[in-house]
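Let me begin by presenting the structure, written as structure tokens, before commenting on it.
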Amino acid sequence: MVERSWLWEHLNEFNRIVTQLSGLEVKTEEADKSLLFLSSLLPSYEHLVTTLIFGKETLEMDEVTSALISSEMMKINSEKSQDDGHNVASVSNQRRMM
Numbered sequence: 056m057v058e059r060s061w062l063w064e065h066l067n068e069f070n071r072i073v074t075q076l077s078g079l080e081v082k083t084e085e086a087d088k089s090l091l092f093l094s095s096l097l098p099s100y101e102h103l104v105t106t107l108i109f110g111k112e113t114l115e116m117d118e119v120t121s122a123l124i125s126s127e128m129m130k131i132n133s134e135k136s137q138d139d140g141h142n143v144a145s146v147s148n149q150r151r152m153m
């Protein structure tokens, strides 16, 4: 859970820095922003980074953010279904004991 909150904070901070640079009239190409952001992620995102970069000539920041959001949603849903499975198994075991 901590890693997820880190991701959103990191993305917000990255966007804030890019906005400040833009205000100083520093031009940043979309592909450069994407690569800079991907290279700043934690090692646990390495698989996703490799998947996003593989075979691409350019990579848009929107594509990166969408992939990260999708990945995080899949993790959340997976954890929920595992928790639900544990709860069902626990209730089932309790009923057998009665």
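Here this note's numbering is used: the first residue of the sequence shown is 56, the next is one more, and so on. Every residue gets a Cβ at the ideal spot worked out from N, C-alpha and C, and that includes glycine.
Collapsed DSSP secondary structure at residue i in the structure displayed
i      : result
Lys88  : helix
Phe109 : coil
Lys82  : coil
Glu127 : helix
Ser95  : coil
Leu103 : helix
Beta-carbon spacing of residue i, residue j below 8 Å
i     : j      : result
Leu96 : Val104 : yes
Glu68 : Ser89  : no
Leu62 : Glu127 : yes
Contacts around residue i, its chain only, beta-carbon distance under 7 Å, and the 5 residues preceding and following it disregarded
i      : result
Met56  : Here the model assigns Met56 a pLDDT of 48, short of 50, so the residue's position is not dependable, and the following value carries that caveat. Taken in chain order, the list of residues that qualify is empty.
Val119 : Ser89, Phe92, Leu93 and Leu107
Status (buried if at least 16 other CB within 10 Å, exposed otherwise) for residue i
i      : result
Leu123 : buried
Nonlocal neighbours in the same chain, by C-beta distance under 8 Å from residue i, ignoring five residues either side
i     : result
Leu76 : Thr83
Closer than 8 Å to chain C by CB, residue i
i     : result
Val81 : In the displayed structure, chain C is absent; only one protein chain is listed.
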